[in-house]
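Note sheet for the following structure.
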Amino acid sequence: MKFSGLRLCLLSPALALGAGPADWAPNLTTTATWDSNATNASRSADTIGALALRADVTSAARFPFGPDDTFFAGAAIRAEAWPRFDGLDRAALGPRLTWQHKFGVGALAPVFDLELAGDVIGARESARTARAGSVTLALRKRFDAATRVSLTHTRAREDARELVFDRTGAETTAELVRDLDEHWSLAFTARWREGDVLSYATPPRADLVALAHVRVPNTTFDRPFVVYSLEARSLSGGLAVTRALADTTALTFRYDWRQTERGPLRYVNHLVSAAVARQF
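Numbering (the numbering used here), first residue to last: 648 to 927.
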């Protein structure tokens, strides 16, 4: 089914590219996302919604190694723009190295991936300029022609020019995808993350001061906030609907609900997005 191949591209671009029409064939995904709480604020007076625009380009070459193993070497470019708050604008570039192992033969055999990624990140606000790295483990399994699941665990670290924007985290994601027909697909996603988050608030906030690793004054959102960096837990769930527009193009509409908490801090994000992915 042509949609299944494109859906794999959307789920794991670096890996799908190796099975594309030619090595290094790029994959472009452009996304517009509305975040109801871009400030990650726990009080309504500090909550600000904002639109983010993002473009991701990935490309990889495929190197088979025996009947069950494949290596992929590639790169990724990411650009992110916030029309209302341009201090959040960022761009990233870095390599991707992936080992893929298939347990058996046929379409129903489980597939394991190990990806190493690194990025150099430039930001409009120089304090957010950073270097980042991540390790991702993924296990994918197809149950029939229309149903497949994936389980992914990522550990990531971002070292910024200013300490408050440093972030370390571990995230586990489970996703169930069901093809409805040749053109339509539904995806259900659940995520659990533990690690550093940024929360913006109007002082005084003694409750956040007691939790934060670092806190500094900040005017990114055109208001005199203080940004607090602290460890927290996040639970999220999402639903996505994808429409294949052609053999190499798909449109996805997605909604995610995310709740983050640590002690007295608790905030919720509602994220609504539309994305177009194209495999060249």
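Beta carbons: idealized from backbone N, C-alpha and C, even for Gly.
Alpha-carbon to alpha-carbon, residue j and residue i
i      : j      : result
Tyr847 : Arg701 : 22 Å
Pro668 : Phe732 : For Pro668, the predicted model reports a pLDDT of 37, less than 50, meaning its position is unreliable and no value from the coordinates is stated.
Ala672 : Ser706 : 6 Å
Ala792 : Gly753 : 12 Å
Ala688 : Tyr914 : 6 Å
Leu918 : Ala770 : 23 Å
Ala779 : Glu805 : 4 Å
Thr907 : Ala722 : 31 Å
Arg775 : Asp682 : 20 Å
Gln926 : Leu898 : 12 Å
Ser832 : Pro851 : 47 Å
Asp716 : His748 : 5 Å
Arg909 : Thr686 : 16 Å
Val824 : Arg795 : 5 Å
Glu772 : Pro730 : 14 Å
Pro871 : Pro711 : 54 Å
Asn916 : Thr836 : 15 Å
Leu886 : Asn684 : 19 Å
Thr801 : Arg890 : 27 Å
Asp703 : Arg690 : 33 Å
Asp826 : Leu761 : 26 Å
Asp869 : Val863 : 15 Å
Ala983 : Thr680 : In the structure as shown, the chain begins at 648 and stops at 927. Residue 983 is therefore absent and cannot be evaluated.
Asn674 : Gly816 : 27 Å
Ala803 : Pro757 : 25 Å
Phe759 : Gly842 : 25 Å
Assumed close pair residue i, residue j - CB separation to whole angstroms, cut-off 8 Å
i      : j      : result
Ile695 : Arg737 : With a Cβ gap of about 18 Å, Ile695 and Arg737 do not count as contacting.
Ala879 : Leu855 : Between Leu855 and Ala879 the Cβ distance is about 11 Å, and since that is not below 8 Å, they are no contact.
Val929 : Val811 : The requested residue 929 does not occur in the structure, where the chain is confined to residues 648 to 927.
Ala708 : Arg725 : Actually they are not in contact, since the Cβ atoms of Ala708 and Arg725 sit about 20 Å apart, beyond 8 Å.
Ala924 : Thr676 : 4 Å
Ser883 : Arg838 : 5 Å
Thr867 : Leu786 : Contact flag wrong, Cβ pair sits at about 38 Å.
Ser920 : Arg905 : About 13 Å separates the two Cβ atoms, so there is no contact after all.
Thr678 : Ala922 : 4 Å
Thr849 : Ala692 : 7 Å
Residue i - partner residues in DSSP beta bridges
i      : result
Trp729 : In DSSP, Trp729 forms no bridge with anything.
Leu855 : According to DSSP, Leu855 bridges with nothing at all.
Gly721 : Ala707 and Arg743
Arg838 : Thr820 and Ser883
Pro864 : Val873
Ala897 : Ala891 and Ala924
Leu918 : Asp682 and Asp903
Asn674 : Thr705 and Gln926
Leu765 : A quick correction: the sequence has Gly, not Leu, at residue 765. In the DSSP output, where bridge partners are listed per residue, Gly765 has Gly780.
Phe712 : Asp716
Glu908 : Arg880 and Arg913
Asp806 : Arg778
Phe759 : His748 and Leu786
His800 : Leu784 and Thr819
When the options are compared against residue i, the one with the closest alpha-carbon
i      : options                           : result
Thr799 : Lys788, Phe812 and Leu784         : Leu784
Arg814 : Arg840, Trp831, Leu827 and Glu822 : Arg840
Ser876 : Leu886, Asn865 and Ser883         : Asn865
Ser781 : Lys788, Ser797, Phe790 and Ala764 : Ala764
Gly713 : Lys788, Pro730, Asn684 and Phe750 : Phe750
Val844 : Gly741, Ala853, Leu761 and Glu818 : Glu818
Ala821 : Ala922, Lys788, Ala853 and Arg808 : Lys788
Asp828 : Leu892, Asp766, Thr836 and Ser881 : Leu892
Leu755 : Arg743, Phe790, Ala728 and Ala834 : Phe790
Ala853 : Val873, Thr836 and Gly842         : Val873
Leu698 : Glu727, Arg690, Phe719 and Asp670 : Glu727
Ala777 : Asp760, Thr678, Val758 and Arg808 : Arg808
Ser881 : Val758, Glu762, Phe759 and Asp903 : Asp903
Asp766 : Thr678, Thr849 and Pro742         : Pro742
Asp670 : Val758, Phe718, Leu858 and His830 : Phe718
His830 : Ala803, Ala859 and Thr895         : Thr895
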